[in-house]
Amino acid sequence: MTLYPWLEPLWKQWQLMLSQQSIPHAMLCSANVGTGIEELVNRLAAAVVCKNSDDEACGFCHSCDLSKGGHHPDIHWVMPEKPGKGINVEQVREANRYAMESSQLGGKRIIIIQPAEAMNESASNALLKTLETPPDQCVFILLTQDKHKLLPTIISRCQHWQLPKVSRAVLLDWLNGQNARQVTVDWFILKMYGQSPLDALSFIKQEKQKEWEQLLTILLSGVQSRSFSLFEVQSFFKVDPIEKVTWLLYLFNDLQKAHFGVCEGPFPHLFEQLLGCTSYESAYSHYQHLQKMLHSLQSSSGLNAELLIVDWYLTLVQAPSNN
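Numbering of the sequence shown is given in our numbering, commencing with residue -11 and proceeding in unit increments.
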């Protein structure tokens, strides 16, 4: 299976590591959501447990058949039990027990933890004890979006790999080759997903540019004329609220940059209008607010996202002046 183009450079480095039989006992790989990094890790795991090849799974042996079907007994994934939940200590203890067992097919065991930053403190400490005295013939692979959220002691016991940045040219070339539609979305908008190509493709396929423009219209109606429909605001943020808070973060970050002349243009007309009635101080303040909100929503699944966002919107439109 052909890899996504932005994954190929890292895969070539991993192939060299495989051919030299220098796989470490613990690897930490930093990559954004929407890059397909899971596909690359599956490819690495399949190559490690393959019986016939050094730097690439042969695709024909019994071990490869099991890997392709997602049923290899020596490849174990540790992930949150539910979206938005953390990885608890019992999950890590189970992985530790698995790490101490003998391989069922006589090779290495692979334990993949994703996202590693979802481990709570007890889970992190349980993993650390195993990494301090790593079992023979066992490889831990930790996938993370933000390694700084991990214990420094865990980081220090892993070989760190960073997925290289996706260039604009590579992203647009790949998107144009997907036959979903030619890329007609303005780069000013699409750059939100510049390091998450699969999410960029989803944005295009689902025609979310219309929703992005609706968001700008909602903001403008509030800050320009103080005229808005609370029902419209509530309805808009009811669907995919976390993604839309991310849009807001990018938007208010761009507003700050534009005030200093460092935001890449040309600007869409709606953005120019919003820029004209939003001061740098206001953009900065709301950006800080939205950052804290996004962190809360991502770390606490029980929060009412719609209510929090609407409350924020009311602070935006009720402010004495935004410019």
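Beta carbons are placed, not taken as given, at the ideal position from N, Cα and C, and that holds for glycine.
CA nearest to the CA of residue i, picked from the options
| i | options | result |
| --- | --- | --- |
| Glu(-4) | Leu262, Val211, Val29 | Val29 |
| Asp317 | His283, Leu291, Glu199 | Given that the chain is displayed from residue -11 to residue 311, the structure contains no residue 317 and the question cannot be resolved. |
| Ala33 | Leu16, Ser18, His60, Leu239 | His60 |
| Ile142 | Ile98, Met5, His13 | His13 |
| His247 | Glu269, Leu237, Glu231 | Glu269 |
| Tyr275 | Cys251, Asp242, Lys226 | Asp242 |
For residue i, three-class secondary structure by DSSP
| i | result |
| --- | --- |
| Met107 | strand |
| Ile63 | strand |
| Arg145 | coil |
| Phe48 | coil |
| Thr132 | strand |
| Val127 | strand |
| Ser319 | Because the chain spans -11 through 311 in this model, residue 319 falls outside it and cannot be assessed. |
| Leu296 | helix |
| Ile11 | coil |
| Leu138 | coil |
| Gln3 | helix |
| Gln306 | helix |
| Ser18 | strand |
Rounded Cβ spacing between residue i and residue j (contact assumed at less than 8 Å)
| i | j | result |
| --- | --- | --- |
| Asp174 | Pro71 | Contact flag wrong, Cβ pair sits at about 30 Å. |
| Leu262 | Leu204 | 6 Å |
| Pro(-7) | Trp162 | 6 Å |
| Ile297 | Pro254 | No, Ile297 and Pro254 are not in contact; Cβ-Cβ is about 29 Å, not under 8 Å. |
Residue burial classification, residue i (beta-carbon count within 10 angstroms, cutoff 16)
| i | result |
| --- | --- |
| Ser51 | buried |
| Pro103 | buried |
| Arg85 | exposed |
| Lys198 | exposed |
| Arg31 | buried |
| Ala87 | buried |
| Leu295 | exposed |
| Phe259 | buried |
| Thr121 | exposed |
| Ser215 | exposed |
| Phe219 | exposed |
| Ala114 | buried |
| Leu4 | exposed |
Any non-hydrogen atom of the ligand MN closer than 8 Å to residue i Cβ
| i | result |
| --- | --- |
| Val305 | In the structure shown, the ligand MN is absent, as is every other ligand, since no ligand is present at all. |
Could you give the uninterrupted runs of the alpha helix (DSSP H) lying entirely in the region 154 to 229, keeping only those of 4 residues or more?
-> As for any alpha helix (DSSP H) of minimum length 4 sitting wholly inside the region 154 to 229, the runs are 156 to 164, 175 to 178, 185 to 193, 197 to 213, 218 to 226, ordered along the chain.
What alpha helix (DSSP H) runs, 4 residues minimum, are completely inside the region 246 to 276?
-> 257 to 264
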